[in-house]
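Student: Residue numbers (the working numbering), protein chains in the order written: chain L, 422 to 703; chain Z, 46 to 346.
Idealized CB from N, CA, C, for every residue including glycine.
On a predicted model such as this, the values are computed, not experimentally measured, just so you know.
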Amino acid sequence: MSIVIKNLTHVYSPKTPFERIALDDVTFTINDGDYFGIIGHTGSGKSTLISHLNGLIKLTKGSINVNGIDLGKKYDYKKLRSEVGMVFQYPEYQLFDETVESDVSFGPRNMGLSEDEIKDRAAWAIKLVGLNYDKIKNRSPFELSGGQMRRVALAGVLAMRPKVLVLDEPTAGLDPRGKKEILDLTLKIKEQGPTIIMISHNMDEIAAYCNRIAVLGAGKLEGVFSPSELFGQSEIIERLGLALPTPALIAKKLRDRGVSVTASDMDGLVQAVLSAKGGNYA
Amino acid sequence: MRDVSMGQYYPTKSPVHKMDARAKLVFVILYIVMLFLVPSLDNYLGGGGRLGEYMVKSGLSFGVVTLFLLVAIIFSKVPLMKVLKSVKAVVYLVIITAVIMLLFYSGKANHVYATWGIITISLEGIVSAIVMAVRLFLLVMGPALLSLTTTPVELTDGIESLLSPLKLIKIPVHDIAIIMSIALRLIPTMIEETDKITNAQKARLAEFDDGNVFKKAKAMIPVLVPLLTSSFRRADELAYAMDSRCYGGAKNRTRMRVMRLSYRDAIALVVIAAVFFAVLTFVYDYFGVATFISEWAYTLL
Ligand SMILES: Nc1ncnc2c1ncn2[C@@H]1O[C@H](COP(=O)(O)OP(=O)(O)OP(=O)(O)O)[C@@H](O)[C@H]1O
Ligand SMILES: [Mg+2]
Chain L
422 MSIVIKNLTH VYSPKTPFER IALDDVTFTI NDGDYFGIIG HTGSGKSTLI
472 SHLNGLIKLT KGSINVNGID LGKKYDYKKL RSEVGMVFQY PEYQLFDETV
522 ESDVSFGPRN MGLSEDEIKD RAAWAIKLVG LNYDKIKNRS PFELSGGQMR
572 RVALAGVLAM RPKVLVLDEP TAGLDPRGKK EILDLTLKIK EQGPTIIMIS
622 HNMDEIAAYC NRIAVLGAGK LEGVFSPSEL FGQSEIIERL GLALPTPALI
672 AKKLRDRGVS VTASDMDGLV QAVLSAKGGN YA
Chain Z
46 MRDVSMGQYY PTKSPVHKMD ARAKLVFVIL YIVMLFLVPS LDNYLGGGGR
96 LGEYMVKSGL SFGVVTLFLL VAIIFSKVPL MKVLKSVKAV VYLVIITAVI
146 MLLFYSGKAN HVYATWGIIT ISLEGIVSAI VMAVRLFLLV MGPALLSLTT
196 TPVELTDGIE SLLSPLKLIK IPVHDIAIIM SIALRLIPTM IEETDKITNA
246 QKARLAEFDD GNVFKKAKAM IPVLVPLLTS SFRRADELAY AMDSRCYGGA
296 KNRTRMRVMR LSYRDAIALV VIAAVFFAVL TFVYDYFGVA TFISEWAYTL
346 L
């Protein structure tokens with residue numbers, strides 16, 4: 422079970438003056454169980470890429486295989502979309518129903534599940550995102566706080582029990598604490614099974630949470646790396662004009678001053694600094 | 046999507062694109078007036094004219110206007126197919142109307158080829174059908190070229206400027222123009238927003254083209270509710286943003302894009318005046334040009 426993308430190319434408004442190559446010959450694989458990060462500049466094609474994964478953008482060139490579903494052939498898009506849950510940027514703006522519970526039930530209901538199952542799943546998802554089910558289920562989603570609304574929207578996707586959860590900048594517009602809460606929530610969700618794909622502009626988040634990271638630059642794939650590969654060497658990151666995560670930045674500044682350390686996350690940095698000092702302080 | 050946001054605008058660099066929007070608007074109005082200088086066949090014959098003369102006069106007039114339009118299109122660097130495509134919908138309408146006109150010509154006809162019941166095919170019918178078709182076709186092509194070479198924002202600015210004399214009679218031209226510009230500005234945003242929300246709900250397996258009308262209407266709710274709330278939010282934000290920058294209406298405001306007439310507009314004015322005069326010459330037979338040509342045509346026949 423994995424997502425295999427081969428030679429994916431996508432052109433918006435082809436053969437017009439507005440033509441725009443958003444993805445150019447992109448090939449990589451996302452394995453089952455990955456917490457997969459996608460980074461790249463604004464307009465580098467990240468959203469275009471993930472919108473292919475559940476068929477919202479029709480495959481025009483190349484091939485995609487999601488857990489055995491070949492998107493180049495005729496496929497059951499209901500099945501695909503319940504396997505690949507998609508949480509877009511600012512998902513709280515998609516809430517529409519009268520109560521939190523019925524909004525969260527929208528996906529499962531469209532899947533054609535039984536009423537009992539729908540209720541079970543809604544309750545499960547609302548609890549999973551850390552909200553008090555009994556208190557919140559009958560409230561209007563429009564009278565919640567921004568952070569709560571985002572959780573409800575997330576629950577609406579989780580209630581479909583996707584095997585792959587795609588998050589497009591899940592922390593955009595939240596304060597540091599809200600960010601951390603949502604990210605820790607994704608780890609909790611991951612324990613329930615799904616592969617997670619996350620787009621983010623925040624390198625600290627990417628370095629701390631992802632095990633593999635794809636770097637897009639102007640529609641082209643620059644490569645897929647582990648956090649230590651990517652942030653340890655810092656050339657690719659600098660060439661693409663992206664920022665280093667804080668621990669890697671500190672490591673780089675130390676290197677510049679002659680202390681030989683490499684690190685991509687905080688624990689790694691602490692270890693590296695300690696061993697560079699030549700002692701074991703634990 | 047992006048194409049919608051610019052109206053029909055076809056972005057290239059051309060002398061026509063660079064012309065002042067106000068000048069283009071005025072020229073399009075002149076162009077339309079020109080098309081109506083040629084009388085209809087009914088009226089012409091009713092006024093005691095001859096069919097042959099009419100054919101020569103209308104042929105020459107529309108010929109020179111078509112030539113003018115073609116030259117304008119060439120200078121605008123918009124592919125001819127693009128212009129034709131933008132009037133595609135109207136073309137079918139024109140053709141159908143012309144056929145009906147041809148078959149059911151109701152005026153006095155002296156050159157009848159055939160009759161079946163109420164259907165009559167006559168030279169008069171054919172001529173008026175052709176004149177009608179050509180006139181309507183030219184009528185939509187001119188404004189189409191205008192919208193292909195002028196952005197909606199330029200057009201609004203141009204209209205505002207042309208209507209500014211109405212301020213004298215206390216019509217809030219500037220406010221109307223601002224409302225138009227904001228609406229124009231927000232259309233692409235709304236389309237984008239609709240797209241986003243539709244995709245988000247599709248990702249939750251929403252169906253939009255299933256079932257009967259009521260089902261379809263109900264299926265729109267998950268899109269319409271977020272769209273409305275976000276429109277209100279956006280309107281509020283824009284109003285705050287305008288207020289916090291002390292937007293206060295028309296008084297003493299300077300413009301970012303100052304419209305200036307240039308030599309291009311002057312050249313265009315000369316050309317269009319010449320075409321206008323040519324059409325007048327043909328239709329009203331100044332200097333006997335039309336008579337001369339029609340007599341020459343008779344000798345050829
Ligand atoms: N619907 C569309 N029509 C035409 N062009 C589009 C459309 N959507 C995106 N593009 C263009 O395709 C390119 C890639 O866009 P995309 O949204 O995938 O970028 P992104 O990496 O997600 O950027 P961001 O970080 O800003 O979200 C951009 O240049 C964008 O202008
Ligand atoms: Mg994006």
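Between the segment 470-483 of chain L and chain Z, which residues of the former have CB atoms less than 8 Å from a CB of the latter, in chain order?
Tutor: Flagged, chain order: S472, N475 and L477.
Student: Counting C-beta neighbours from all protein chains within 10 Å, is the total for L211 of chain Z 16 or more, i.e. buried, or is it exposed?
Tutor: Classification of L211 of chain Z: exposed, given that the 10 Å Cβ count is below 16.
Student: Within 8 Å: the Cβ of E590 of chain L and any heavy atom of ligand 3?
Tutor: With respect to small molecules bound, the structure shown includes ligand 1 and ligand 2 and not ligand 3.
Student: Measuring CA to CA, which of L:G599, L:D537, L:L588 and L:L477 is closest to G551 of chain L?
Tutor: Out of L:G599, L:D537, L:L588 and L:L477, L:G599 has the C-alpha closest to the C-alpha of G551 of chain L.
Student: Applying the 10 Å Cβ sphere with the 16-neighbour rule, what's the burial state of D497 of chain L?
Tutor: With fewer than 16 Cβ atoms within 10 Å of its Cβ, D497 of chain L is classed as exposed.
Student: On the three-pair Cβ rule with 8 Å, is the segment 281-298 of chain Z touching the segment 78-98 of chain Z?
Tutor: Output reads no: the segment 78-98 of chain Z does not touch the segment 281-298 of chain Z.
Student: Determine the chain L residues that contact K212 of chain Z at a beta-carbon separation under 7 Å, and present them in chain order.
Tutor: The contacting residues do not exist; K212 of chain Z stays about 37 Å from chain L at best.
Student: What does DSSP give as the partner residue(s) for K641 of chain L in the beta ladder?
Tutor: Paired residues: L:G638.
Student: How about L250 of chain Z: is its C-beta nearer than 9 Å to some C-beta of chain L?
Tutor: Cβ-Cβ to chain L under 9 Å: yes for L250 of chain Z.
Student: Ligand 2 and I620 of chain L: does any heavy atom of the ligand fall closer than 8 Å to the residue's C-beta?
Tutor: Answer for I620 of chain L: yes, Cβ within range of ligand 2.
Student: From H622 of chain L to L586 of chain L, what distance separates their C-alpha atoms?
Tutor: Spanning the two alpha carbons is a distance of roughly 18 Å.
Student: Are the CB atoms of M186 of chain Z and V128 of chain Z nearer to each other than 9 Å?
Tutor: Yes, the pair counts as a contact, with Cβ atoms nearer than the cut-off.
Student: At a cut-off of 8 Å, would you count G638 of chain L as near ligand 1, judging by its Cβ distance to the nearest heavy atom?
Tutor: The answer is no for G638 of chain L.
Student: Counting along the chain, where does the beta strand (DSSP E) carrying M287 of chain Z start and finish?
Tutor: No beta strand (DSSP E) contains M287 of chain Z, which is instead part of the alpha helix (DSSP H) from V258 to S289.
Student: So is Y514 of chain L in contact with chain Z if we call contact Cβ pairs under 9 Å?
Tutor: By this cut-off, Y514 of chain L is an interface position.
Student: Could you name each continuous beta strand (DSSP E) segment of 3 residues or more that falls completely within the segment 126-210 of chain Z, going from the start of the chain to the end?
Tutor: You should have 157-161 and 164-167.
Student: From L:E612, L:S523 and L:E650, pick the residue whose C-alpha is nearest to that of L549 of chain L; which is it?
Tutor: The candidate whose alpha carbon is nearest that of L549 of chain L is L:E612.
Student: For D625 of chain L versus P666 of chain L, is the C-beta distance shorter than 9 Å?
Tutor: Yes.
Student: Please find out if some non-hydrogen atom of ligand 2 comes closer than 8 Å to the beta-carbon of S468 of chain L.
Tutor: Yes; taking the cut-off as 8 Å, the Cβ of S468 of chain L has a heavy atom of ligand 2 nearer than that.
Student: So, helix, strand or coil for V578 of chain L, using DSSP?
Tutor: If DSSP states are grouped into helix, strand and coil, V578 of chain L belongs with the helices.
Student: Using a Cβ cut-off of 7 Å, pull out every chain L residue sitting near V270 of chain Z, in sequence order please.
Tutor: Correct list: F517.
Student: Only counting the same chain, and skipping five residues up and downstream in sequence, which positions put a Cβ closer than 7 Å to that of V505 of chain L?
Tutor: Around V505 of chain L: L474, N475, V487, P583, V585 and V587.
Student: According to DSSP, G461 of chain L sits in a beta bridge with which residue or residues?
Tutor: Looking at the DSSP assignment, G461 of chain L forms a beta bridge with L:L637.
Student: Taking the alpha carbon of K153 of chain Z as the point to measure from, which residue in Z:F322, Z:A143, Z:Y55 and Z:G170 has its own alpha carbon closest?
Tutor: Of Z:F322, Z:A143, Z:Y55 and Z:G170, the residue nearest in Cα terms is Z:G170.
Student: Who are F321 of chain Z's beta bridge partners in DSSP?
Tutor: None, per the DSSP bridge assignment.
Student: Pick out whichever of L:I610, L:F563, L:G568 and L:L516 has its Cα sitting closest to the Cα of A593 of chain L.
Tutor: For A593 of chain L, the nearest C-alpha among the options comes from L:G568.
Student: Per DSSP, what kind of secondary structure is D310 of chain Z in: helix, strand or coil?
Tutor: Helix.
Student: When you compare each of Z:A174, Z:Y308, Z:A222 and Z:L191 to S12 of chain Z by their alpha carbons, which one comes out closest?
Tutor: The first residue shown for chain Z is 46 and the last is 346, placing residue 12 of chain Z beyond what the model contains.
Student: Since I believe A134 of chain Z is in contact with A174 of chain Z (beta carbons under 8 Å), could you give me their beta-carbon distance rounded to a whole number of angstroms?
Tutor: That belief does not hold up - the Cβ atoms of A174 of chain Z and A134 of chain Z are roughly 20 Å apart, past 8 Å.
Student: Would you check whether ligand 2 has a heavy atom nearer than 8 Å to the C-beta of Q510 of chain L?
Tutor: Yes, since a heavy atom of ligand 2 falls inside the 8 Å radius drawn around the Cβ of Q510 of chain L.
Student: Which residue or residues does DSSP assign as beta-bridge partners of M507 of chain L?
Tutor: L:V587.
Student: Quick one: give me the first and last residue of the beta strand (DSSP E) that Y433 of chain L is part of.
Tutor: Y433 of chain L -> beta strand (DSSP E) spans S423 to Y433.
Student: Closer than 8 Å to a non-hydrogen atom of ligand 1 - does that hold for the CB of H473 of chain L?
Tutor: Flag unset: Cβ of H473 of chain L not near ligand 1.
Student: Under 9 Å between C-beta atoms, does G528 of chain L make it to chain Z?
Tutor: So, interface residue.
Student: Does DSSP classify I216 of chain Z as helix, strand or coil?
Tutor: Three-state result, I216 of chain Z: coil.
Student: If we define contact as Cβ-Cβ less than 9 Å, is R47 of chain Z a contact residue for chain L?
Tutor: Low local confidence applies: a pLDDT of 44 at R47 of chain Z is under 50, so the model's placement there is unreliable, and no value is given.
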